[in-house]
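Counted the way UniProt numbering counts, the sequence shown spans residues 343 to 620. No residue lacks a Cβ here, since even glycine has one placed at the ideal position from N, Cα and C. Notes for the one structure printed next.
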Amino acid sequence: AQDSGINRWVYCSEEIKRDSMNQVTISEALYQADLEKEFCVVYQPQVQLETNRMVGVEALVRWQHPELGIISPGIFIEIAEKNGFIVPLGNWILERACRQVQELTELSEEPLNLAVNVSFIQIQQEQFVEETLAILQKTGFPPERLEIELTERSLFENRMEDLQKIEELRSHGIRIAIDDFGTGYSSFGILAKVKVDKIKVPREFIDRVDSNQNSQRIVETITSMAERFELTCLAEGIEREEESTFLRQLICQEVQGYYYAKPVEIHKIKQWNKSAGE
Ligand code: C2E
Ligand code: CA
Ligand code: CA
Numbered sequence: 343a344q345d346s347g348i349n350r351w352v353y354c355s356e357e358i359k360r361d362s363m364n365q366v367t368i369s370e371a372l373y374q375a376d377l378e379k380e381f382c383v384v385y386q387p388q389v390q391l392e393t394n395r396m397v398g399v400e401a402l403v404r405w406q407h408p409e410l411g412i413i414s415p416g417i418f419i420e421i422a423e424k425n426g427f428i429v430p431l432g433n434w435i436l437e438r439a440c441r442q443v444q445e446l447t448e449l450s451e452e453p454l455n456l457a458v459n460v461s462f463i464q465i466q467q468e469q470f471v472e473e474t475l476a477i478l479q480k481t482g483f484p485p486e487r488l489e490i491e492l493t494e495r496s497l498f499e500n501r502m503e504d505l506q507k508i509e510e511l512r513s514h515g516i517r518i519a520i521d522d523f524g525t526g527y528s529s530f531g532i533l534a535k536v537k538v539d540k541i542k543v544p545r546e547f548i549d550r551v552d553s554n555q556n557s558q559r560i561v562e563t564i565t566s567m568a569e570r571f572e573l574t575c576l577a578e579g580i581e582r583e584e585e586s587t588f589l590r591q592l593i594c595q596e597v598q599g600y601y602y603a604k605p606v607e608i609h610k611i612k613q614w615n616k617s618a619g620e
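In structure tokens form, the structure reads like this:
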């Protein structure tokens, strides 16, 4: 028992050292990264539950470093937020996604909505609204088809002027979705403070929702709350048919998840509606 304490301490301190080493390595690699060569954007279909049709896509960034290999956004986004790289990266992602989706939909009659994740660090930039509008103009992407996904954190931590930025974006027709609704500190606080358009029910509540009573209660509460606030509800992380069947009993307009489609490169998006059994 005596040395298990010491061993644990040694183990922990090595873990921490290794982790912080990685953080520094990743942080430096981000700053040296060649955006065009190392990063790409993939798209996951967002599907209308009633009709089974793709109504939009969520853009998700991918990073392949020449030596470090594939690094997941779950790891590097937080580091990019800390070192500020998220600002140029976020602009690059938005521009790339607008351009690719615009090019895709120019070829077909059916327009697609585009959802883009935006970090709270980006919102806090004074130029955020201006830069976002400039990217829309440059790419010709219609603002009414852009949706910005924000986490509760990004809205909660924000000052008055950042809430005003959200109103300004909405006045241009851009929609706002709250990502991972109900996992932050102040879900109701946000709805009281600012008007949004959509809420996304997080994967952790959808997982096994058909058999877990607590998840059922949570998901039922969130969907009926969305209805009450007249917001669109999207459930994400649907992996099984049973989960999708459960959601059909509720008021939830849209779904997203591996059961429908994994995130793919833009050229594979075109075929989705066709391959979905029409
Ligand atoms: P998120 O915004 O909640 O994105 C959903 C994540 O769940 C994505 O992981 C997606 O690939 C994954 N996913 C989708 N359907 C399923 C499913 O059915 N089962 C499971 N197990 N997973 C599913 P990804 O791409 O690794 O992104 C992780 C997080 O990193 C995102 O969570 C988001 O917070 C952040 N992120 C990703 N791309 C961007 C970006 O372009 N900008 C910013 N600021 N953050 C991003
Ligand atoms: Ca998201
Ligand atoms: Ca989410």
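| Item | Value |
| --- | --- |
| Is DSSP giving A375 helix, strand or coil here? | coil |
| Find out if the Cβ-Cβ distance for the pair I516, I548 is shorter than 8 Å. | no |
| Who are the Cβ neighbours of V606 in its own chain at under 7 Å, not counting the five residues just before and after it? | V384 and Y385 |
| According to DSSP, is N364 helix, strand or coil? | helix |
| Under the three-state reduction of DSSP, which class applies to P430: helix, strand or coil? | helix |
| By how many angstroms is the C-alpha of R559 removed from the C-alpha of W405? | 37 Å |
| Do A439 and L372 have their CB atoms nearer than 8 Å? | no |
| Is it a yes or a no for the region 409-429 touching the region 439-453, going by three-plus beta-carbon pairs under 8 Å? | no |
| Which residues, in chain order, sit with a beta-carbon under 6 Å away from any heavy atom of ligand 2? | E400, N459, E491 and D521 |
| Using the C-alpha atoms, what's the distance from E569 back to T563? | 10 Å |
| Could you name the residues of the same chain whose beta carbon sits closer than 7 Å to that of H609, not counting the 5 residues immediately before and after it, in chain order? | none |
| Please say whether V536 and E509 have beta carbons closer to each other than 8 Å? | yes |
| Within 10 angstroms of the Cβ of Q598, are there 16 or more other Cβ atoms? Answer buried if so, exposed if not. | buried |
| Go ahead and pull the three-state DSSP assignment for A603. | coil |
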